[in-house]
Amino acid sequence: MAYWLFKSEPDVWSWEQQKAKGAVGEEWTGVRNYQARNNMRAMKIGDKGFFYHSNEGLEIVGIVEVCALSHPDSSAKGDPKWDCVDIRAVTDVPKPITLKDVKANPKFEKMSLVTSMRLSVQPVTDEEYFEICRLGGVDNPPKSPD
DNA sequence: GCCAACGTTGGC
DNA sequence: GCCAACGTTGGC
Numbered sequence: 001m002a003y004w005l006f007k008s009e010p011d012v013w014s015w016e017q018q019k020a021k022g023a024v025g026e027e028w029t030g031v032r033n034y035q036a037r038n039n040m041r042a043m044k045i046g047d048k049g050f051f052y053h054s055n056e057g058l059e060i061v062g063i064v065e066v067c068a069l070s071h072p073d074s075s076a077k078g079d080p081k082w083d084c085v086d087i088r089a090v091t092d093v094p095k096p097i098t099l100k101d102v103k104a105n106p107k108f109e110k111m112s113l114v115t116s117m118r119l120s121v122q123p124v125t126d127e128e129y130f131e132i133c134r135l136g137g138v139d140n141p142p143k144s145p146d
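Residue numbers for the first sequence follow UniProt numbering, so the first one is 1 and each next one is one higher.
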């Protein structure tokens, strides 16, 4: 069971655009950081994660699900170093959780959002996941497979 | 738009 | 293999 967090700059790829892709989902291309890539390689089908708007918004706005295992990143021009997964939107977070909220809450002081500010694909613990869902007003949060 | 943090690159 | 230079990310 694992949870994740995906960062995206909304003027490049926003939650609205992600939702518009529906169940088909979208390749999470463009990651050029080994740690972030390794996180994606560790993902399983059905794993859930947060969709976070960086740069503008600075808040967790939605929940996504991994719908394709890591595969070569089609934007990497054949460079075998870079892989990515596909994700699809599952549900909104009715009350988006801002970075400020996360930083102000001692329960989240060990979150990668706080400790590894620049990592664009991060692991989230079960506790963090369900607490953010609770605060964000997500009823019956979708769970990752066991 | 600035700049701090941090990851990567490349010379030695 | 060290570390300085450089590039990028992302909060402010």
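Note that the Cβ used here is the ideal one computed from N, Cα and C, for glycine as well.
Predicted model, so just to flag it, every value in this text is computed and none were measured.
{"Asked": "Contact under 8 Å by Cβ, F6 with F50", "Found": "yes"}
{"Asked": "CB contact flag (H71, V61, <8 Å)", "Found": "no"}
{"Asked": "Boundaries (first-last residue) of the beta strand (DSSP E) holding W4", "Found": "Y3 to S8"}
{"Asked": "Rounded separation between I63 and K103 - CA only", "Found": "20 Å"}
{"Asked": "Rounded separation between R66 and K44 - CA only", "Found": "Going by the sequence as given, residue 66 is Val instead of Arg. Approximately 7 Å between the Cα atoms of the pair."}
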